Amino acid sequence: MNGEVTGTVGTVGSGTRTGAIGAPMERLEGRAKVTGTAPYAYEHSFEGALYLHPVLSTVARGRVRSVDPARAEAVEGVRVVLTPWNAPRLARTDDREFTILQDDEVFFRGQFVAAVVADGPEIARQAADLVVVDYEAHDHEVDPSSPDRETYRPSADDTGVEPDTEQGDVEGELAAAMVRVDQTYRTPREYNNPMEPHTTVALWEGDPDRLTLYDSTQGVHVVRGTIAEVLGLDPELVRVVSPHVGGGFGSKGSAHAHNVLAALAARALPGRPVKFALTRRHMFSLVGYRPDTRQRIRMGAAEDGRLGVLVHDVMEATSRAKEYAEMSGACTRMMYAAPARRTTHRLTPLDVPIPFWMRAPGEAPGMFALETAMDELSYACGVDPIELRVRNEPERDPETGLPWSGRNLVECLRRGAERFGWRDRDPELRAHRDGDWWVGTGVASATYPRLTMPGSVAEIAHEQDGSYTVSIGAADLGTGTWTALTQIAADALGCDTASVRLRIGDTDLPSASVAGGSSGTSSWGSAVVAAARAFREEHGNEPAVGARSRAGTPENPDQERYALHSFGAHFAEVRVNADTGEVRVPRMLGVFSVGRIINPRTARSQFVGGMVMGLSMALHEEGVVDPRFGHVVNGDLAEYHVAANADVGLVEAEWLEESDPHVNALGAAGVGEIGIVGSAAAVVNAAFHATGRRVRELPLTPDRFLS
Amino acid sequence: MIPFAYSRPGGATEAVEAVTDDPGAVFLAGGTNLVDHMKLGVASPTTLVDVRAVVGAGIEELPGGGVRIGAGMTNSELAAHPVIRRRYPLLSSALLAGASGQLRNMATTGGNLLQRTRCVYFQDVTTPCNKREPGSGCSALEGHGRDNAVLGASDQCVATHPSDMAVALLALDAEVHVLGPAGERRVPLADFHRLPGAEPERDTVLEHGELITAVELPAPLTEARSAYRKVRERASYAFALVSVAALVRVRGERVVDARIAFGGVAHAPWRARRAEEVLRGRPVTETAFRVAAEAEFAEARTGRDNAFKVPLAVNTCAAVLRSLTGVNE
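Protein chains in written order, with numbering that gives the first Met the number 0: chain A, 0 to 706; chain B, 0 to 328.
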């Protein structure tokens with residue numbers, strides 16, 4: 000199919016079926032973006048704007064003894080130098096991420112310890128370099144691999160997911176297994192690195208106190224909630240505006256320290272907008288990252304590959320400043336039909352920046368480990384890796400016992416196999432050579448929960464010109480929200496898309512949940528559908544001008560009755576240079592089962608983007624921490640490699656034509672994350688097929704294949 | 000970052016005077032490296048003397064069959080020039096292996112020779128670095144060392160030179176034309192870049208105020224085949240882990256002449272004289288190629304992170320020679 004999709008008929012709404020859903024509509028804001036007129040956060044310009052540049056700690060743990068601002072203050076154009084001693088006080092200081100310039104403690108290298116606000120960005124930067132900070136440095140720990148590190152079990156409070164689970168006779172099954180896999184897989188620190196850095200323009204207006212943030216965020220209401228609480232303001236007095244976002248990949252899924260710092264600066268200089276754009280280097284310590292993981296997987300299986308037991312023990316780094324747990328083992332609870340399963344998560348608290356969401360947090364590293372282990376099991380049993388997965392297909396969710404709302408993993412694998420040419424594959428290792436290159440192919444499964452978040456509200460109003468204004472504080476990170484919600488609203492109202500005027504990205508609009516967990520389209524779209532239904536019920540098909548209705552994301556009773564998960568299958572062809580060990584990936588294919596596709600054009604872009612990010616994770620990405628200093632030493636895009644165009648060969652994504660009646664009224668689940676899940680494992684498995692060398696630690700740098 | 004002055008001198012001599020007389024002044028050409036360093040605080044010049052308009056930006060064909068390349072010529076122009084593509088395809092291919100299209104459109108021939116190391120500690124002013132701040136210590140010795148040099152390093156500095164162009168030029172026996180306060184001089188490229196020794200802050204033999212005006216190439220080696228092979232983790236826009244520039248002339252299944260240079264292995268582009276010597280007169284076999292390359296790296300010193308560079312360099316060199324001579328593995 001690969002994008003060549005005809006418009007399918009919408010089934011939502013009470014009006015005419017317009018068929019907007021399923022049509023490959025072009026991005027509504029595309030022209031504005033490519034012509035440079037779509038305003039990103041930093042581009043909101045104002046008379047009298049000031050510019051902030053921060054000073055970051057150069058010790059990983061310790062205390063700020065003093066900050067000498069004298070030389071910075073002497074620079075012409077400097078308005079204020081904020082320090083831990085003169086910064087405005089915050090109302091809430093129990094969350095270290097947001098406790099900015101309130102005390103002298105340093106929790107990690109790269110933390111804000113001062114900031115300069117000046118008339119121009121160059122002046123601010125120059126003056127920031129002149130601020131002298133004196134530290135009392137304490138011994139720090141940043142290396143999770145040291146053997147004597149303390150570990151602890153994370154609480155389920157943050158993630159909503161139990162850290163440890165156990166079902167069945169794990170030890171008995173391990174002892175009885177005919178075939179075993181027991182391996183440890185490692186992933187390094189990985190950074191989201193959206194193209195648009197995190198930026199905020201903050202304007203404080205006094206009497207009464209009001210704060211406006213023009214922010215690059217995945218959730219204006221989320222940022223407002225945090226900022227209002229930290230500053231002690233009524234949320235109604237905080238406005239967050241974010242019409243366009245240049246990527247986030249999770250790192251803009253909450254407020255971060257820079258929002259607080261910008262707000263503090265604005266409060267110190269009321270009436271003057273304060274603009275703050277993080278540099279790429281700042282982004283390596285202040286806006287989250289995927290923590291390094293060490294995952295031990297144990298499998299016990301019968302000779303035919305049927306699993307008796309699956310154990311997934313996860314060790315991960317976290318920050319002493321604030322806990323973050325990457326739930327890498329959660330996928331093992333529902334993926335395969337092993338009667339006995341155990342998963343555990345342990346955290347190593349370190350003096351490091353605070354990790355946070357990065358595209359498919361948990362599933363991305365977790366499925367790398369599980370799906371590489373499945374490949375190892377397939378070779379240990381002599382069973383084709385696709386057949387192995389088919390043999391371990393569970394009829395119901397192994398963890399909850401609930402029926403699947405629609406588990407089509409096997410169909411994804413089979414369709415992918417046919418399309419990719421898997422049938423002709425010779426499983427022999429290190430047996431295929433094309434000139435100087437070893438060639439191999441690999442497969443891996445993908446999964447991601449079909450999440451819908453509560454709490455979004457949409458409002459629809461009928462305008463004088465006959466159009467409908469649809470308002471919801473949703474976010475478009477470049478993902479296609481502007482377009483997809485317009486299509487959903489058109490079908491739900493029974494009008495054409497040209498009659499829908501969507502408004503998103505502003506807390507002045509009705510509340511919306513975060514663009515995270517691939518839940519945006521489902522959560523916001525369901526609210527839009529509900530609002531359209533309410534509108535037609537209240538105002539009929541010929542509404543008066545000014546007629547308006549509101550509705551929230553409805554509760555979904557099926558959420559308790561079904562196991563709601565998306566699935567997919569990744570295929571990769573890998574070439575490894577016999578002389579140099581260079582790894583190239585000429586071909587990737589992903590087949591996904593995600594319910595109904597709202598917009599094949601933007602959905603395809605999400606799948607392909609996720610797969611490329613998985614390729615990047617497999618081959619390149621690694622934040623290298625120097626344990627002596629405590630920071631990532633390759634913190635820019637020249638040294639922290641992400642896949643370049645030349646690394647990306649043929650990447651194709653397709654999907655099953657389906658609709659999940661249990662997930663929401665649209666039948667559609669999210670598409671943002673599943674593309675990255677499992678794609679790194681497919682590359683690793685193909686590299687093993689090509690070379691006979693099993694690499695269990697990412698990334699696959701050339702030295703790992705040198706003979 | 001600090002405020003700086005910017006000037007556009009009317010001619011090369013005036014440019015040289017402007018820099019010579021001002022210890023805080025530096026030449027600015029494409030700015031692809033210098034401006035980054037100014038933003039990072041690695042370089043803090045008080046005056047930029049823009050030389051783009053005062054050094055040549057074209058190619059002059061010389062009577063003996065060689066060429067003189069203006070120092071202001073951009074990497075893109077040089078790589079695409081018909082004379083270079085015809086007579087020195089090695090240089091063209093090395094240029095196109097470097098950086099990105101945008102950078103090559105700005106970067107110049109002279110500037111590329113003066114490109115500074117990509118050592119992560121050199122670029123990070125919060126860490127010690129002898130090259131950036133003499134006497135502060137070398138963070139790379141015990142730190143993140145994947146890119147570290149394996150040949151010719153000192154206990155003061157293990158940085159590598161990042162240029163692709165310079166590796167090809169070295170194999171082509173280029174000569175650098177320099178204008179200084181005392182007049183013109185010519186420096187063979189082989190003597191142009193320094194090893195770090197006790198003065199890692201000095202990348203080249205240039206004195207303050209000396210300006211590269213041109214690079215001269217002798218007539219191409221007749222009957223030679225050549226290739227530039229760059230090994231890197233990602234397929235473009237990455238510095239070399241190891242690169243090899245090679246020209247080889249074969250007669251009757253024996254190597255008559257070979258010119259080989261390595262990138263990514265030392266503080267300077269590295270001419271493999273020892274390997275060339277070993278190869279001369281040898282039969283064209285995989286074994287001979289490996290023996291030659293191994294001879295070059297016999298005295299390599301490696302650390303925890305960069306030991307792979309030696310087998311990588313040997314393998315790559317052997318692979319390049321194989322492909323140039325038609326030898327099967």
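All C-beta atoms in this analysis are idealised placements derived from N, C-alpha and C, irrespective of residue type, glycine included. Everything numeric in this text was worked out from a predicted model, so none of it was measured.
DSSP three-state label for residue i, please.
i      : result
A/T150 : coil
A/K274 : strand
A/T7   : Only weak support exists for where A/T7 lies, its pLDDT of 29 falling under 50; the value from the coordinates is given anyway. A/T7 falls in the coil class under three-state DSSP.
A/F419 : helix
A/R16  : In this prediction, A/R16 scores a pLDDT of 49, lower than 50, which makes its location untrustworthy; the coordinate-derived value is nonetheless stated afterwards. The answer is coil: DSSP assigns A/R16 none of H, G, I, E or B.
B/R228 : strand
A/M0   : For A/M0, the predicted structure reports a pLDDT of 28, less than 50, and the residue's modelled location is therefore unreliable. The matter cannot be settled from this model.
A/R266 : helix
A/H731 : This structure cannot settle anything about residue 731 of chain A, because the visible part of chain A is limited to 0 through 706.
A/C380 : helix
A/V694 : coil
A/W84  : coil
A/D723 : Residue coverage of chain A in this structure runs from 0 to 706, which leaves residue 723 of chain A outside it and unanswerable.
A/Q605 : helix
Of all the options the options, which has the alpha carbon lying nearest to the alpha carbon of residue i?
i      : options                        : result
A/R332 : A/G361, A/M314, A/T317         : A/G361
A/A114 : A/E536, A/K274, A/V662, A/T506 : A/K274
A/D163 : A/L346, A/T183, A/M194, A/L81  : A/L346
A/L81  : A/V58, A/A127, A/P120          : A/A127
B/V255 : B/P161, B/V149, B/K308, B/V283 : B/V283
A/D374 : A/A686, A/A59, A/E42           : A/A686
A/T506 : A/T216, A/F248, A/G415         : A/T216
B/A78  : B/E60, B/G63, B/T107           : B/T107
What does residue i reach in chain A if we use C-beta pairs closer than 7 Å?
i      : result
B/T125 : T57
B/A78  : Neighbours of B/A78 on chain A: none; closest Cβ ~17 Å, over 7 Å.
B/I1   : Q125
Going along chain B in order, which residues have a C-beta closer than 9 Å to the C-beta of residue i?
i      : result
A/R583 : A234
A/N633 : V119, H143
A/P701 : V230, R231, E232, L240, F307, L311
A/E710 : One cannot answer for residue 710 of chain A here, as it falls past the ends of chain A, which runs 0 to 706.
Please list, in chain order, the chain B residues whose beta carbon lies closer than 7 Å to that of residue i.
i      : result
A/T579 : V230, L311, N314, T315
A/A642 : R233
A/V623 : H143
Under 8 Å between the Cβ atoms of residue i and residue j?
i      : j      : result
A/V221 : A/S253 : yes
B/S242 : B/P195 : no
B/V214 : B/A173 : yes
A/G608 : A/L450 : no
A/T278 : A/P196 : yes
A/S455 : A/S522 : yes
B/G65  : B/A271 : no
A/M357 : A/F248 : yes
A/A533 : A/A546 : no
A/G439 : A/F570 : no
B/D190 : A/V632 : no
Residue i touches chain A at which residues, Cβ-Cβ below 8 Å?
i     : result
B/I68 : Here the premise fails: no neighbours, minimum Cβ distance about 26 Å.
B/G64 : Here the premise fails: no neighbours, minimum Cβ distance about 34 Å.
Using the beta-carbon of each residue, which ones in chain A are nearer than 9 Å to residue i?
i      : result
B/A4   : Here the premise fails: no neighbours, minimum Cβ distance about 15 Å.
B/A292 : Going along chain A, no residue has its Cβ under 9 Å from B/A292, so there is no contact; the nearest lies around 11 Å.
Could you work out which residues of chain B lie near residue i, taking near to mean beta carbons separated by less than 8 Å?
i      : result
A/R705 : The residue asked about is misnamed: residue 705 of chain A is Leu in this sequence, not Arg. Correct list: F307, P310, L311, N314.
Counting only Cβ pairs nearer than 7 Å, list the residues of chain D close to residue i.
i      : result
B/A237 : Included in the structure are the protein chains A and B, with no chain D among them.
- Touch test, the stretch 634 to 650 of chain A against the stretch 310 to 321 of chain A, Cβ-Cβ under 8 Å, three pairs minimum: no
- Message: Would the stretch 236 to 253 of chain A count as touching the stretch 64 to 79 of chain A if we require 3 or more Cβ pairs under 8 Å?
- Response: no
- Query: Is the stretch 284 to 295 of chain A touching the stretch 152 to 160 of chain A in the sense that three or more CB pairs, one from each, lie closer than 8 Å?
  - Reply: no
- Query: Quick one: any contact between the stretch 127 to 146 of chain B and the stretch 103 to 112 of chain B, if contact means 3 or more CB pairs under 8 Å?
  - Reply: No: fewer than three Cβ pairs fall under 8 Å.
- Message: Measuring CB atoms only, is the stretch 293 to 304 of chain A touching the stretch 365 to 372 of chain A, in the sense that at least three cross pairs come out at less than 8 Å?
- Response: yes
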